[in-house]
Amino acid sequence: MFKIKVSNKIIDYAKRLLEEHNFGKRGVADGSPVEQLTGIIGQCTVQTMFQVELITGNEGFDNGVDLEYSGLSIDVKTMGRTTDVKDYYVNNFIALQKNYPTNVFIFCSYYIEKKELTVCGWMPKNELDEKAIFYKKGTKRFRSDKTWFRTKADLYEIPNKNLNQINSPSHLKKQLKDYAGGMKVNA
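In terms of our numbering, the sequence shown opens at residue 633 and continues consecutively.
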(Lines of atoms letter the chains of each structure in order from A and count residues from 1; the text may use other names and numbers.)
(Lines give C-alpha, C1' and ligand atoms only; values in the text may rest on other atoms or scores of the structure.)
Protein backbone atom coordinates (compact mmCIF):
# COMPACT_ATOMS: atom_id res chain seq x y z
CA MET A 1 0.00 0.00 0.00
CA PHE A 2 1.01 3.56 -0.50
CA LYS A 3 -0.60 6.93 0.17
CA ILE A 4 -1.12 9.95 -2.04
CA LYS A 5 -2.15 13.36 -0.75
CA VAL A 6 -5.21 14.44 -2.74
CA SER A 7 -4.95 18.02 -3.97
CA ASN A 8 -7.72 20.56 -3.48
CA LYS A 9 -7.58 20.98 -7.25
CA ILE A 10 -8.68 17.34 -7.75
CA ILE A 11 -11.38 17.62 -5.07
CA ASP A 12 -12.79 20.83 -6.60
CA TYR A 13 -12.63 19.30 -10.08
CA ALA A 14 -14.52 16.20 -8.90
CA LYS A 15 -17.19 18.36 -7.22
CA ARG A 16 -17.67 20.36 -10.43
CA LEU A 17 -18.02 17.14 -12.43
CA LEU A 18 -20.75 15.92 -10.08
CA GLU A 19 -22.62 19.22 -10.42
CA GLU A 20 -22.64 18.77 -14.21
CA HIS A 21 -23.07 14.99 -14.57
CA ASN A 22 -24.81 12.07 -12.89
CA PHE A 23 -22.35 9.17 -12.83
CA GLY A 24 -24.77 6.76 -11.16
CA LYS A 25 -26.79 5.44 -14.06
CA ARG A 26 -26.67 1.66 -13.64
CA GLY A 27 -30.12 1.61 -12.06
CA VAL A 28 -28.93 -0.60 -9.20
CA ALA A 29 -26.56 0.43 -6.40
CA ASP A 30 -25.68 3.65 -8.20
CA GLY A 31 -24.02 5.23 -5.21
CA SER A 32 -25.01 8.32 -3.28
CA PRO A 33 -23.57 11.69 -4.31
CA VAL A 34 -20.91 11.27 -1.58
CA GLU A 35 -20.01 7.79 -2.88
CA GLN A 36 -19.85 9.11 -6.44
CA LEU A 37 -17.61 11.97 -5.32
CA THR A 38 -15.31 9.50 -3.54
CA GLY A 39 -15.08 7.40 -6.70
CA ILE A 40 -14.31 10.37 -8.92
CA ILE A 41 -11.65 11.66 -6.51
CA GLY A 42 -10.01 8.23 -6.51
CA GLN A 43 -10.23 7.88 -10.28
CA CYS A 44 -8.83 11.37 -10.97
CA THR A 45 -6.00 10.92 -8.46
CA VAL A 46 -4.95 7.62 -10.06
CA GLN A 47 -5.32 9.11 -13.56
CA THR A 48 -3.00 11.94 -12.48
CA MET A 49 -0.50 9.41 -11.12
CA PHE A 50 -0.53 7.63 -14.50
CA GLN A 51 -0.33 10.97 -16.34
CA VAL A 52 -3.45 10.34 -18.43
CA GLU A 53 -6.32 12.72 -19.16
CA LEU A 54 -8.88 13.16 -16.41
CA ILE A 55 -12.46 12.09 -16.86
CA THR A 56 -14.63 14.94 -18.18
CA GLY A 57 -18.07 13.40 -17.86
CA ASN A 58 -18.71 14.08 -21.55
CA GLU A 59 -17.58 10.59 -22.50
CA GLY A 60 -20.84 8.97 -21.41
CA PHE A 61 -20.76 5.54 -19.81
CA ASP A 62 -17.17 4.28 -19.72
CA ASN A 63 -17.94 0.55 -19.32
CA GLY A 64 -15.82 0.58 -16.17
CA VAL A 65 -12.65 1.57 -18.03
CA ASP A 66 -11.09 4.40 -16.03
CA LEU A 67 -7.71 4.29 -17.76
CA GLU A 68 -5.58 2.20 -20.08
CA TYR A 69 -1.99 1.30 -19.29
CA SER A 70 0.34 -1.10 -21.11
CA GLY A 71 -2.65 -2.41 -23.06
CA LEU A 72 -4.66 -3.11 -19.90
CA SER A 73 -8.15 -1.71 -19.29
CA ILE A 74 -8.19 -0.61 -15.66
CA ASP A 75 -11.11 0.08 -13.33
CA VAL A 76 -10.24 2.16 -10.25
CA LYS A 77 -12.42 1.22 -7.26
CA THR A 78 -12.44 3.65 -4.32
CA MET A 79 -14.12 3.39 -0.93
CA GLY A 80 -14.52 6.26 1.51
CA ARG A 81 -12.98 5.80 4.95
CA THR A 82 -12.94 7.67 8.25
CA THR A 83 -9.69 6.03 9.39
CA ASP A 84 -6.39 4.92 7.96
CA VAL A 85 -6.61 1.67 6.02
CA LYS A 86 -5.79 -1.49 7.94
CA ASP A 87 -4.39 -4.59 6.28
CA TYR A 88 -7.45 -6.61 7.37
CA TYR A 89 -9.93 -4.24 5.68
CA VAL A 90 -11.87 -5.38 2.64
CA ASN A 91 -12.70 -3.70 -0.64
CA ASN A 92 -16.29 -3.90 -1.88
CA PHE A 93 -17.05 -4.60 -5.53
CA ILE A 94 -20.60 -4.52 -6.91
CA ALA A 95 -21.08 -7.82 -8.77
CA LEU A 96 -22.99 -6.36 -11.72
CA GLN A 97 -19.75 -4.62 -12.77
CA LYS A 98 -18.01 -7.97 -13.19
CA ASN A 99 -18.86 -8.22 -16.88
CA TYR A 100 -17.54 -4.80 -17.84
CA PRO A 101 -14.67 -5.05 -20.37
CA THR A 102 -11.81 -4.44 -17.95
CA ASN A 103 -8.69 -6.48 -17.22
CA VAL A 104 -7.58 -5.12 -13.87
CA PHE A 105 -8.95 -3.46 -10.74
CA ILE A 106 -6.94 -0.98 -8.68
CA PHE A 107 -8.46 -0.76 -5.19
CA CYS A 108 -8.16 2.47 -3.22
CA SER A 109 -9.45 3.97 0.01
CA TYR A 110 -10.04 7.68 0.46
CA TYR A 111 -9.62 9.06 3.98
CA ILE A 112 -11.92 12.04 3.65
CA GLU A 113 -10.76 14.07 6.67
CA LYS A 114 -7.06 13.76 5.76
CA LYS A 115 -7.66 14.16 2.00
CA GLU A 116 -5.50 11.10 1.50
CA LEU A 117 -5.86 8.27 -1.01
CA THR A 118 -4.38 4.89 -0.11
CA VAL A 119 -3.74 2.69 -3.11
CA CYS A 120 -4.35 -0.67 -1.43
CA GLY A 121 -3.30 -2.93 -4.30
CA TRP A 122 -4.52 -4.38 -7.55
CA MET A 123 -5.98 -7.57 -8.93
CA PRO A 124 -6.64 -9.05 -12.36
CA LYS A 125 -10.38 -9.36 -12.92
CA ASN A 126 -10.00 -13.05 -13.76
CA GLU A 127 -8.91 -13.69 -10.14
CA LEU A 128 -12.08 -12.21 -8.62
CA ASP A 129 -13.87 -15.51 -8.00
CA GLU A 130 -10.74 -17.03 -6.46
CA LYS A 131 -9.70 -14.15 -4.18
CA ALA A 132 -13.02 -12.53 -3.25
CA ILE A 133 -15.99 -13.61 -1.16
CA PHE A 134 -19.41 -13.27 -2.79
CA TYR A 135 -22.49 -12.05 -0.91
CA LYS A 136 -26.08 -11.92 -2.20
CA LYS A 137 -28.05 -8.68 -2.11
CA GLY A 138 -29.49 -8.08 1.36
CA THR A 139 -26.78 -9.98 3.23
CA LYS A 140 -25.92 -8.45 6.60
CA ARG A 141 -22.19 -7.59 6.63
CA PHE A 142 -20.34 -6.76 9.84
CA ARG A 143 -17.39 -4.38 10.02
CA SER A 144 -14.45 -4.76 12.39
CA ASP A 145 -15.96 -2.05 14.67
CA LYS A 146 -19.11 -4.20 15.08
CA THR A 147 -21.28 -1.91 12.94
CA TRP A 148 -23.06 -3.51 10.00
CA PHE A 149 -24.87 -2.85 6.74
CA ARG A 150 -27.03 -4.83 4.32
CA THR A 151 -25.64 -5.22 0.84
CA LYS A 152 -27.64 -3.11 -1.62
CA ALA A 153 -26.70 -5.41 -4.50
CA ASP A 154 -24.83 -8.66 -5.03
CA LEU A 155 -21.37 -7.89 -3.71
CA TYR A 156 -17.82 -9.20 -3.66
CA GLU A 157 -15.50 -8.44 -0.74
CA ILE A 158 -11.80 -8.58 -1.50
CA PRO A 159 -9.49 -8.50 1.54
CA ASN A 160 -6.47 -6.22 1.18
CA LYS A 161 -4.23 -9.23 1.86
CA ASN A 162 -5.57 -10.88 -1.32
CA LEU A 163 -4.49 -8.00 -3.56
CA ASN A 164 -1.19 -7.75 -5.37
CA GLN A 165 0.84 -5.68 -2.92
CA ILE A 166 2.57 -2.50 -4.04
CA ASN A 167 4.61 0.11 -2.20
CA SER A 168 4.85 3.03 -4.65
CA PRO A 169 3.43 4.33 -7.92
CA SER A 170 6.47 3.01 -9.80
CA HIS A 171 6.08 -0.43 -8.18
CA LEU A 172 2.41 -0.53 -9.24
CA LYS A 173 3.28 0.49 -12.81
CA LYS A 174 6.04 -2.13 -13.04
CA GLN A 175 3.73 -4.90 -11.82
CA LEU A 176 1.05 -3.88 -14.31
CA LYS A 177 3.59 -3.80 -17.15
CA ASP A 178 4.88 -7.23 -16.13
CA TYR A 179 1.35 -8.60 -15.94
CA ALA A 180 0.49 -7.13 -19.34
CA GLY A 181 3.62 -8.71 -20.78
CA GLY A 182 2.61 -12.12 -19.48
CA MET A 183 5.37 -12.23 -16.88
CA LYS A 184 4.77 -13.54 -13.37
CA VAL A 185 4.09 -10.68 -10.96
CA ASN A 186 5.80 -10.77 -7.58
CA ALA A 187 2.85 -10.01 -5.33
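Every residue, glycine too, gets a C-beta built ideally from N, C-alpha and C.
Quick caveat, the model's predicted, so the values are computed rather than measured.
Counting the other Cβ atoms within 10 Å of the Cβ of SER802 gives fewer than 16, which makes it exposed. Beyond the five residues adjoining it in sequence on each side, GLN679 comes within less than 6 Å, by CB distance, of LEU686 and LEU699 in the same chain, given in chain order. DSSP places PRO801 inside the alpha helix (DSSP H), whose first and last residues are 801 to 812. DSSP places ASP707 inside the beta strand (DSSP E), whose first and last residues are 704 to 713. Close CB contacts of LEU650 within its chain, under the 8 Å cut and outside five residues either way in sequence, are with PRO665, GLN668, LEU669 and ILE672 (chain order).
Taking all protein chains in view, the Cβ of ARG648 is surrounded by fewer than 16 other Cβ atoms within 10 Å, so the residue is classified as exposed.
When DSSP reads this structure, ASN723 sits in a beta bridge with ILE790. The shortest C-alpha to C-alpha distance from GLU762 to any of TYR811, TYR645 and PRO791 is the one to PRO791. In the three-state scheme derived from DSSP, where H, G and I count as helix and E and B as strand, GLU745 is classed as coil. Taking the Cβ atoms as the reference, PHE739 lies roughly 5 Å from LYS709, within the contact range of under 8 Å.
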